[in-house]
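The structure appears right after this line, and notes come after that.
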Amino acid sequence: MGGEVDLYTAPQLRSELVGALDEGARRLLVDMSRVEFCDSTGISVLLSAMKRSRDKGGDLEIVAPRPAVTKVLEVTGLDEVFVIHPDLDALPVAAGTGTAP
Numbered sequence: 280m281g282g283e284v285d286l287y288t289a290p291q292l293r294s295e296l297v298g299a300l301d302e303g304a305r306r307l308l309v310d311m312s313r314v315e316f317c318d319s320t321g322i323s324v325l326l327s328a329m330k331r332s333r334d335k336g337g338d339l340e341i342v343a344p345r346p347a348v349t350k351v352l353e354v355t356g357l358d359e360v361f362v363i364h365p366d367l368d369a370l371p372v373a374a375g376t377g378t379a380p
């Protein structure tokens, strides 16, 4: 995913995340290394997917958020809710992982 996650692009993200969960993924890794901006609609999609994943015994993890996205997560306190990996290289890989690029 790249650019902005907002009112216009959030439905695509939701579709990808729900699709991965429907296909059996439990651990969702969301690569946000190319996302410059994420508004409340995008945050809502991430929270909803995290809840669905956790209901299935998994989780949603945010990977490599850019500074603007990190700031939103920190201001909202969601940096304490989501598992956040600072970069792609430090990712632990496990079976049952679904990714949303």
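Under the numbering used here, the sequence shown has 288 at position 9, and the numbering climbs by one with no breaks. Note that beta-carbon positions come from the ideal geometry of N, C-alpha and C, so glycine has one too.
In the DSSP assignment, what residue or residues form a beta bridge with residue i?
| i | result |
| --- | --- |
| residue 362 | 340 |
DSSP state of residue i, grouped into three classes?
| i | result |
| --- | --- |
| residue 391 | Examination of residue 391 is not possible in this model, given that the chain is present from 280 through 380 alone. |
Beta-carbon within less than 8 Å of residue i's beta-carbon, same chain only, minus the 5 sequence neighbours each way: which residues are those?
| i | result |
| --- | --- |
| residue 336 | 305 |
Ranges of the beta strand (DSSP E) found wholly within the segment 280-357, counting only runs of at least 3: As summarised for the segment 280-357, the continuous beta strand (DSSP E) elements at least 3 residues long and confined to that stretch are 281-284, 306-310, 313-317 and 338-342, given in chain order.
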